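Residue numbers (UniProt numbering): 1 to 353.
Glycine included, each C-beta is placed from N, C-alpha and C at the ideal position.
Bear in mind the structure is a predicted one, so any value in this text is a computation, not a measurement.
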Amino acid sequence: MKILSIVGARPQFVKEAIIQSEINKFDDIKEVVVHTGQHYDDNMSGVFFDVLDMRKPDYNLGISASKHGEMTGKMIIRLEEIMLQEKPDVVLLYGDTNSTLAGAIAASKLKIDIAHVEAGLRQEPKDMPEEINRMLTDRISQYLFVPSNLGVENLKGEGITEGVFFTGDVMYDIFLKMKPSFDYVLMEKLHLKENQFIIMTLHRDFNVDIPEKLEKILKEVNRISKEIKVVMPIHPRTQKRINEFGLSHLITDITVIEPIDYLQLMGLTQNCYKVITDSGGYQKEAYFSGKQAVVIMPDTGWRELTDLGLNTLSDENNIYQNVMKAKKAEYIKDIYGDGKAAEKIVSILRIYK
1 MKILSIVGAR
11 PQFVKEAIIQ
21 SEINKFDDIK
31 EVVVHTGQHY
41 DDNMSGVFFD
51 VLDMRKPDYN
61 LGISASKHGE
71 MTGKMIIRLE
81 EIMLQEKPDV
91 VLLYGDTNST
101 LAGAIAASKL
111 KIDIAHVEAG
121 LRQEPKDMPE
131 EINRMLTDRI
141 SQYLFVPSNL
151 GVENLKGEGI
161 TEGVFFTGDV
171 MYDIFLKMKP
181 SFDYVLMEKL
191 HLKENQFIIM
201 TLHRDFNVDI
211 PEKLEKILKE
221 VNRISKEIKV
231 VMPIHPRTQK
241 RINEFGLSHL
251 ITDITVIEPI
261 DYLQLMGLTQ
271 NCYKVITDSG
281 GYQKEAYFSG
291 KQAVVIMPDT
301 GWRELTDLGL
311 NTLSDENNIY
321 QNVMKAKKAE
331 YIKDIYGDGK
341 AAEKIVSILR
351 IYK
């Protein structure tokens, strides 16, 4: 069997790395990896490659563009050429980027089976690019690898029941694989004590690009910092906007540090009280660590966590209330499987292909 895997953004590289490590166990599978060039940051991804021993992509298309249509169109053209040349049995796609949709369209036109990792996620608003990409990809995929039971129900509600597999989440696989390597050095360096600090990450455009909204968020967090220490690895975009909008006075009581890698962030998360974030991935990693995340978003793709009260959605006006007053529901294990999602995905493809 030949698998053509398509990646284009940092989280997809990480997911591909864990699945590639599973594929490498089998002599009867040949994998070809294509990097579209949509986004890549070695500083963010290198640590995963070091641990998971991921090889360099076979193709690097170097495609990026400011317009969604232009980017997706260029990708479809190039990916179609590669698929015709490589003749894969299945195209493996991840998540919800333009690279995902482009791969799905190119494969479907050539009648090549599509396997979608992280299928079944749904999030408002329905017109956001990521939601469009994931919904369209799910519609034309033959193998839908779903990270949670809610994803299975989402697909069933849309009439999609064929080829749906609850495998669990490959990001949980990675969390468990990396856990022995978590870095706790910042606990001592920042004089932190277990369960006596909060970690905050903030970077989304809808939170940091609007002066009034960013100001309200920082005022709420500043209020929290009067009662419990807040550690904020600051995203370059957020730092730029704080400076631009003249809001630096609102972070003087917050422990602002430079961006940190995954191992350092998880080391802090293991010991924190709660998490404040607008990151899609980090809200789930907080759950993996047994911590409650207050999510500054109007909706989340990980609704099972908010539906169960393990995480809490928040806007700029009630962050303090949700962090300091809201109680976390009793922890529920294994919402995202047993840490063997990659093994199950590769096994299913070997059986059915």
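A straight line joining the alpha-carbon of Glu194 with that of Asn271 spans about 5 Å.
Residue ranges of uninterrupted beta strand (DSSP E) with 3 or more members, entirely inside the region 215 to 271 and ordered along the chain, are 229 to 233, 255 to 257. Ranked by how close their Cα comes to the Cα of Ser248, the residues Pro211, Glu227, Ile224 have Pro211 in first place.
Three or more beta-carbon pairs separated by less than 8 Å link the region 319 to 339 to the region 212 to 226, which places the two stretches in contact. Between Met232 and Ile251, the C-beta gap is smaller than 9 Å, which places the two residues in contact. Across the structure, Pro57 and Arg10 are spaced so that their CA atoms are roughly 13 Å apart. Taking a cut-off of 8 Å for Cβ pairs, the region 328 to 337 and the region 123 to 132 do not touch, as fewer than three such pairs fall below it. For Val117 against Ile345, the beta-carbon gap comes to about 7 Å, under 8 Å, which counts as contact.
Asp113 and Thr137 have their C-alpha atoms roughly 12 Å apart. Judged by DSSP in its simplified three-state form, Glu285 adopts helix. Under the criterion of beta carbons closer than 8 Å, Glu31 and Ile6 do not qualify as touching, at roughly 11 Å.
Thr161 is classed as exposed because its beta carbon has fewer than 16 other beta carbons within 10 Å across all chains shown. In this structure, DSSP gives Met135 a helical state, which the three-state scheme calls helix. Shown here, Leu101 sits in a helix according to DSSP, grouped into three states.
Taking the CA atoms as reference points, Ile296 sits about 21 Å from Leu150. Annotation for Lys109: Glu80 place their beta carbon closer than 8 Å to its own, counting only its chain and skipping 5 residues before and after. Ranked by how close their Cα comes to the Cα of Asp299, the residues Ile260, Leu313, Phe182, Glu70 have Leu313 in first place.
Measuring C-alpha to C-alpha distances from Leu263 to each of Gln142, Ala17, Leu186 identifies Leu186 as the nearest. Straight-line measurement puts the Cα of Met54 at about 7 Å from the Cα of Gln20.
As computed with DSSP, Tyr59 is found in a beta bridge with Val34.
The beta carbon of Ile140 sits closer than 7 Å to the beta carbons of Ala104, Ser108, Ile114 from its chain, once the five residues preceding and following it are set aside; these are given in chain order.
Taking C-beta atoms as the reference points, Tyr94 and Glu16 count as a pair closer than 9 Å. Beta-bridge analysis with DSSP links Thr277 to Thr201, Val295. Leu150: member of the alpha helix (DSSP H) spanning 149 to 157, first to last residue. Under DSSP, the beta-bridge partners assigned to Ser5 are Val33, Leu92.
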